[in-house]
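Beneath this line is the structure, given in structure tokens, with notes to follow.
In this note's numbering, the protein residues as written are 5 to 147.
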């Protein structure tokens with residue numbers, strides 16, 4: 005089927021052994037950004053119950069429980085926070101949500117400017133296959 009399998013979901017007669025070096029999403033994005041080729045890793049078997057710890061998607065910025073100070077520019081316009089994410093397989097779209105509001109999608113380079121509110125904010129990203137990541141962070145807005 006072309007899926008990655010683990011000891012919880014493989015069947016002894018239905019797998020083909022193949023060794024691969026699989027990097028976390030942030031490393032894959034860094035290496036690709038330097039012009040290096042990184043192969044796409046196979047998706048883990050979607051029928052497996054153990055896939056929660058093996059997510060191919062990750063929010064790189066902001067970090068969990070970060071405290072951000074958002075300034076205004078010279079025209080008193082509130083600046084945006086640029087969120088960054090990485091996906092192990094660059095063929096997938098990422099859907100962005102801030103405080104349960106849909107912001108749009110990104111492909112390949114996963115960066116999204118955010119208009120945050122004062123106080124706690126919740127950023128969630130979801131890919132086309134249902135993998136997700138969530139970050140909560142605090143914003144102080146310069147008045």
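We put the beta carbon where it would ideally sit given N, CA and C, even for glycine.
In this text the structure is predicted, and so the values were computed from the model without any measurement.
query	result
Opposing strand residues paired with residue 15 [DSSP bridges]	Answer is none; residue 15 lacks a bridge partner.
Secondary structure of residue 104, DSSP reduced to three states	coil
Coarse secondary structure for residue 9, derived from DSSP in three states	coil
Best match in 101, 76 and 78 for proximity to residue 88 [C-alpha to C-alpha]	101
Own chain, CB closer than 8 Å to residue 68, minus 5 neighbours either side, in chain order	139, 140 and 141
Exposure of residue 111, with buried meaning 16 or more beta-carbon neighbours within 10 Å	exposed
Alpha helix (DSSP H) segments (min. 4 residues) lying fully within the segment 17 to 84	29 to 37
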